[in-house]
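Line order of the protein sequences matches chains F and B. First residue of the first sequence? That's 1 in this note's numbering, and the numbers climb one at a time after it. First residue of the second sequence? That's 1001 in this note's numbering, and the numbers climb one at a time after it.
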Amino acid sequence: MHRLQWEEAQQKDVILYPEGMVELNQSSAEILKLCDGSRNLDQIINDLEEKFSTTGLKNDITSFLDVAFNNGWIQQD
Amino acid sequence: MAGSNKTKITPPRWLLAELTYKCPLQCPYCSNPLDYAKHSDEINTEDWKRVLSEARKMGAVQLGFSGGEPLTRPDLPELVKHARELGYYSNLITSGYGLTEEKIIQLKEAGLDHIQVSIQASSKDLNDHLAGTKSFEHKQEVARLVKKHGYPMVLCVVIHRENIHQMPEILAMAEELGADYLELANTQYYGWAHANRDLLLPTQEQFEQAEEIAQAFKEKVAGKMKIYYVVPDFYEDRPKACMNGWGTTFLTIAPDGVALPCHSARELPGLDCPNVNDHSISDIWHESKAFNFFRGNEWMQEPCRSCDEKDKDFGGCRCQAYLLTGDMYKADPVCSKSPDRQVIQDALDSARESALSADEQPLVFRNSKNSRLY
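Shown next as structure tokens:
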């Protein structure tokens, strides 16, 4: 129902859905791209901390995933 | 004239492709121009593909195929396919009339993202009366098929005095059909709705009651169904931020290739709206007189010019200012700061009088015969 795609003209990732569009900042887009059904929460956190050579992202990631879930951008199995 | 060179021009994001003015329905609140019968030319498939390509390149991403009834264009699947290849998120805005399961599958394969089906009322008799066509059962069937084939199901019901009392049943119908999105669009009074306003405008009591019911329902279905509630601006004290600002976001292409900053802009005098047969979309968007006319706020008069809310609502709707005051530069009369606010009150009073009157006039239905009278 929602589509995540890179918009060249905006130089941004966006989420598209009926009658709407959300422009994502880079960190939100990085998190959402990992929500592909193959990773659990811990793996997503690990992957991102590894990718950006940092730690302590857990709170930021879980609070964004709450937003994403409540907006229907992601689903829980 | 308005447009200032200093105004920063943002790229279009939404493209409304009005493929045709042909429609098997006759809804008396149709937003098409009253004189649509005069504009019966339609640009061809290659022209539409070029329009889609050029607008996409500039940044348009949300695409609505509309009309009239877009299903009457035999090249619709080809245009949908082209749109998908370009990366649009495309929407078919349809009455459902003529939509078969085979077509729903074909459009899905072509890459259509969603289908918005309009239903006129929650009962067969009223739906068929308003649509001017026996269509209620088929629309319900189409809504089910849309859902069955994995599209997000967007149900649209235009609300006005003839159906506003059905709000509880309309909501129940949306739930029963499994709508993912429900658009409750209070009628906006342009085009045919303007002509029928005395018969369509609800009273304040009706509107408040319906809104309360819709609001409670919204809370009940939160997380399951998303409700888009288009407010009836006659009952507001600030105007809508029409089109998110003139020439900032929305681009409409009419069936004959005329490019419009909003789908009603054809009614405004002296804009010389350009045609895609003569200009590129980029030229139209950046250079044309029409798209620069009300860009920014240089064109504003008082009370807009010195208003601290001008960057929020852009002075409201230019078409409404023109239709109701005869001057398209004025503040949208919906605004309580407008010196013309009385015209809104007069419209509300006139509609209320009509509602209470014993010999109400009949609705003027949107069809070619009536269109030729304008």
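Built from N, CA and C at the ideal position, the CB exists for glycine as well.
Check whether residue i and residue j have beta carbons under 7 Å apart
i         : j         : result
ILE1115/B : LEU1145/B : no
ALA1290/B : CYS1273/B : yes
SER1053/B : LEU1016/B : no
ASP1113/B : SER1090/B : yes
PRO1011/B : GLY1087/B : no
GLU8/F    : VAL14/F   : no
ASN1275/B : PRO1232/B : no
GLN1206/B : ILE1164/B : yes
LYS1139/B : GLY1096/B : yes
LEU65/F   : ASP47/F   : no
ILE1071/B : LEU1099/B : The sequence shown places Leu at residue 1071/B, not Ile. Against a cut-off of 7 Å, the Cβ pair of LEU1099/B and LEU1071/B comes out as a contact.
CYS1307/B : SER1264/B : no
TYR1374/B : LEU1126/B : no
ARG1056/B : THR1203/B : no
ARG1295/B : THR1007/B : yes
Length of the line joining the Cα atoms of residue i and residue j
i         : j         : result
GLN75/F   : LEU41/F   : 13 Å
GLY1064/B : ILE45/F   : 38 Å
GLU1176/B : HIS1160/B : 22 Å
MET21/F   : GLN11/F   : 14 Å
LEU1268/B : GLN1345/B : 23 Å
ALA1358/B : ARG1238/B : 33 Å
TRP1014/B : VAL1061/B : 6 Å
VAL1157/B : LEU1182/B : 8 Å
GLY1003/B : PHE1217/B : Below a pLDDT of 50, predicted positions are generally treated as unreliable, and GLY1003/B, at 48, falls in that range; the measurement from the model is reported next regardless. Distance between the alpha carbons of GLY1003/B and PHE1217/B: 43 Å.
GLY72/F   : GLY1150/B : 16 Å
TYR1036/B : LYS1022/B : 9 Å
SER1350/B : CYS1304/B : 27 Å
PHE1293/B : LYS58/F   : 50 Å
PHE1234/B : TYR1322/B : 15 Å
PRO1261/B : ASP1278/B : 17 Å
GLU1375/B : LEU1348/B : The structure shown has nothing for residue 1375/B, since chain B only spans 1001 to 1374.
ARG3/F    : LEU32/F   : 11 Å
HIS1082/B : ILE1104/B : 17 Å
THR1020/B : PHE69/F   : 39 Å
LYS1124/B : ALA1143/B : 15 Å
ARG1050/B : ILE1043/B : 11 Å
GLU1102/B : GLU1141/B : 13 Å
GLU1137/B : LEU16/F   : 31 Å
Boundaries of the beta strand (DSSP E) in which residue i is found, first to last residue
i         : result
MET1155/B : The sequence given here has Leu at residue 1155/B, not Met. 1153-1159 is the span of the beta strand (DSSP E), which, as asked, contains LEU1155/B.
SER1000/B : Given that chain B is displayed from residue 1001 to residue 1374, the structure contains no residue 1000/B and the question cannot be resolved.
ALA1017/B : 1014-1018
GLY20/F   : 20-24
ASN1044/B : Note, ASN1044/B: premise wrong, no beta strand (DSSP E); not H, not E.
GLY1064/B : 1062-1066
ALA1185/B : 1181-1186
CB-CB length for residue i against residue j, believed under 8 Å
i         : j         : result
ASP1047/B : GLY1257/B : 6 Å
ARG1084/B : ALA1110/B : 7 Å
ALA1179/B : MET1153/B : 5 Å
ALA1210/B : MET1173/B : Not a contact, Cβ separation roughly 15 Å.
LEU1184/B : ALA1222/B : Their Cβ separation, rounded to whole angstroms, is 15 Å, which puts LEU1184/B and ALA1222/B out of contact at 8 Å.
GLU1069/B : ALA1254/B : In fact, because the Cβ distance is near 15 Å, the residues do not count as touching under 8 Å.
LEU1271/B : THR1133/B : Going by Cβ atoms, the distance from LEU1271/B to THR1133/B rounds to 34 Å, so no, they are not a contact pair.
VAL1117/B : LEU1079/B : So it is not a contact: roughly 19 Å between Cβ atoms.
N- and C-terminal bounds of the alpha helix (DSSP H) containing residue i
i         : result
PHE1250/B : PHE1250/B -> not in any alpha helix (DSSP H); beta strand (DSSP E) instead, spanning 1250-1253.
VAL14/F   : Careful: VAL14/F lies outside any alpha helix (DSSP H), inside the beta strand (DSSP E) at 12-17.
ALA1290/B : 1289-1292
ARG118/F  : This structure leaves residue 118/F out entirely; chain F is present only between 1 and 77.
ASN59/F   : 58-70
VAL1146/B : 1136-1148
THR1325/B : 1318-1325
Residue i Cβ short of 6 Å to the ligand FMN heavy atom set
i         : result
HIS1149/B : Here there are no bound small molecules, and the ligand FMN is not part of this structure.
Determine contact between the region 1028-1035 of chain B and the region 1185-1203 of chain B, defined as no fewer than three beta-carbon pairs at a distance below 8 Å.
-> Yes, since at least three Cβ pairs between the region 1028-1035 of chain B and the region 1185-1203 of chain B fall closer than 8 Å, the two stretches touch.
Is the region 1237-1255 of chain B touching the region 1196-1213 of chain B, taking contact as three or more C-beta pairs under 8 Å?
-> The answer is no - the region 1196-1213 of chain B does not touch the region 1237-1255 of chain B, with fewer than three Cβ pairs under 8 Å.
Per the contact definition of three or more C-beta pairs closer than 8 Å, is the region 1224-1236 of chain B in contact with the region 1293-1300 of chain B?
-> No, they do not touch.
Does the region 1303-1320 of chain B come within contact of the region 1232-1244 of chain B, defined as at least 3 CB pairs closer than 8 Å?
-> At 8 Å Cβ cutoff, the stretches touch.
Touch check for the region 1324-1343 of chain B and the region 1353-1368 of chain B: three-plus C-beta pairs under 8 Å?
-> No, the region 1324-1343 of chain B does not touch the region 1353-1368 of chain B.
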